[in-house]
Amino acid sequence: MRIAVAGGTGVVGSHVVDALRAEGNDAVVLSRRTGVDLTAGAGLDAALDGVDAVIDTANVTTVSAGVATRFFEAATGNLVAAAARARVAHVVLLSIVGIDRIPHDYLAGKLAQERVVESATVPWTILRATQFHEFAGQVFDRAKIGPLHVAPRGRVQPVAAREVGAHLARLAAGAPQGRAADLAGPREERLDDMVKAYARRTGHGGWIPSVSLPGGQMKGMRAGLGLPGPGAVLGTETFAQWLDGIG
């Protein structure tokens, strides 16, 4: 199969590309490096010529609901419109578990993105996955009070980005499912423990206190609103195993 991957150079997208090629598929990377601008729609028609399926893992780094919503509506809107013109048989979107339960500006953008796909004329599948193991490092870098790193409390069930990529590749090769079963890691973890373990593994020796951060997002995570529901597909790599592999 010829399968296009939006965001194919990113954390998950690169794993999608690897998984597709390992199965003998022709993976087409959609990125600015390959002459495709999703937000403008430039290069999409040529890139999707002869494509059987599209996987959307494109992302934007922002905490603004407006920025996230504008990006996802434009990028995914252009992608599904081009897919329809190219008569692509299947569009697969990567989304996030709990986005309809946790109030957060970025997640509002992801919900808008899901609505774009749900209204598309191309048959679709939406996969919601939990946070990746890499989330611990992102939180360590961003959660600070002055120079002090802090470890926010929260309930998470992190999954390996590699396993998400492989799962998306399998979904794209199959029939459209609408909303697929959630994908999560093998077990629940405490976010503050993950952040501290990541810090130790990467050589940080300072004190990192556990804190309950304010705001709807963190309150929702402490309440377990980002955990998968019954019937979720579970990966196999634990956070500890992933941590052992980063050096």
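Using our numbering, the first residue of the sequence shown is number 62, and each one after it goes up by one. Glycine included, every Cβ here is placed at the ideal spot set by N, Cα and C.
Cβ neighbours of HIS228 in the same chain (closer than 6 Å, five flanking residues each side left out): Counting only residues of its own chain and dropping the five nearest sequence neighbours on each side, HIS228 has a CB closer than 6 Å to the CB of LEU244.
Where LEU209 falls, given that 16 or more other Cβ within 10 Å makes a residue buried: LEU209 comes out exposed.
Touching by the beta-carbon criterion (3+ pairs, under 8 Å), the region 266 to 277 and the region 84 to 96: Contact fails: fewer than three Cβ-Cβ distances are below 8 Å.
Start-to-end residues for the alpha helix (DSSP H) that takes in ARG146: In the DSSP annotation of this structure, the continuous segment of the alpha helix (DSSP H) that includes ARG146 starts and ends at 126 to 146.
Might you give, ordered along the chain, the residues of its own chain that have their beta carbon closer than 8 Å to the beta carbon of SER75, omitting 5 neighbours on each side? The beta carbon of SER75 is closer than 8 Å to those of GLY69, GLY226 in its chain, skipping five residues each way along the sequence.
Judging by CA-CA distance, which residue of LEU172, GLY104, LEU252, VAL73 is the nearest neighbour of GLU23? A query on residue 23 cannot be resolved here, the shown segment of the chain reaching from 62 to 308 and no further.
Own chain, CB closer than 7 Å to ALA119, minus 5 neighbours either side, in chain order: So the qualifying residues of the chain are ALA67, GLY68, LEU99, ALA136.
For LEU154, I'd like the list of residues in its chain whose CB is within less than 6 Å of its CB, leaving aside the five on either flank, ordered along the chain. For LEU154, same chain residues with a beta-carbon under 6 Å away, outside a window of 5 residues either side, are ASP117, VAL178, ILE187 in chain order.
Name, in chain order, the residues that DSSP records as bridge partners for LYS205. Paired residue(s): HIS210.
Roughly how many angstroms lie between the CA atoms of PHE196 and ALA147, to the nearest whole one? Note on geometry: alpha-carbon atoms of PHE196 and ALA147 lie some 36 Å from one another.
Whole angstroms are fine: how far does the CA of TRP185 sit from the CA of PRO247? Going from the Cα of PRO247 to the Cα of TRP185 covers about 26 Å.
Can you give, in chain order, each stretch of the alpha helix (DSSP H) that sits fully within the region 258 to 289 and has at least 4 residues? Within the region 258 to 289, the complete alpha helix (DSSP H) runs of at least 4 residues are 277 to 283.
Put THR11 into one of helix, strand or coil per three-state DSSP. Because the chain here runs from 62 to 308, residue 11 falls outside it and cannot be looked at.
Among GLY104, ILE64, ALA101, whose alpha-carbon lies nearest the alpha-carbon of GLY85? Closest by alpha carbon: ILE64.
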